[in-house]
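In the numbering used here, the protein residues as written are 2 to 98.
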């Protein structure tokens with residue numbers, strides 16, 4: 002298949018030789034450029050949409066895991082801080098008596 006100059010420019014941008022075997026990163030890189038492609042080429046890109054959906058799902062799952070770890074860490078840090086403050090308050094109250 003012969004590609005237009007714009008299509009070749011997009012392929013050069015994402016460092017690929019055709020639109021048939023798209024990686025996740027390739028798909029994201031030129032998903033916003035679909036309106037600049039010919040309809041038959043855009044159709045090849047759109048055919049990869051299920052892979053894109055799986056990619057987004059895996060990214061969100063990983064992100065949720067990161068957020069869960071941050072929350073767990075914050076809970077631990079918050080408890081340690083609260084315990085420290087509570088000890089200081091008790092120490093302060095004892096030193097006044």
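Ideal Cβ placement from N, Cα and C applies to all residues, glycine included. None of the values given here were measured: they were computed from a predicted structure.
Considering only residues of the region 33-57, which uninterrupted alpha helix (DSSP H) runs meet the minimum length of 4 residues and lie entirely inside it, listed in chain order? 40-47
| task | Would you mind working out which of 56, 11, 61 sits nearest residue 39, comparing C-alpha positions? | result | Looking up residue 39 in the chain shown gives position 38. Checked all of 56, 11, 61; the closest Cα to residue 39 is 11.
In three-state DSSP terms, what is residue 64? Reading the chain shown from its first residue, position 63 is the one you call residue 64. Looking at residue 64 - three-state DSSP - the assignment turns out to be helix.
Can you tell me the Cα-Cα spacing of residue 6 and residue 46, whole angstroms?
Looking up residue 6 in the chain shown gives position 5. Looking up residue 46 in the chain shown gives position 45. Spanning the two alpha carbons is a distance of roughly 17 Å.
* Close-in-space but distant-in-sequence residues of the same chain around residue 4 (CB under 8 Å, 5 per side omitted) -> In the chain shown, counting from the first residue as 1, residue 4 sits at position 3. Contacts found: 12, 42.
Element boundaries [alpha helix (DSSP H), containing residue 10]: The residue labelled residue 10 in the question sits at position 9 within the chain shown. Where residue 10 is concerned, the enclosing alpha helix (DSSP H) stretches over 6-14.
Q: Classify residue 91 as helix, strand or coil using the three-state DSSP reduction.
A: On the chain shown, residue 91 is found 90 positions in, with the first residue counted as 1. Looking at residue 91 - three-state DSSP - the assignment turns out to be helix.
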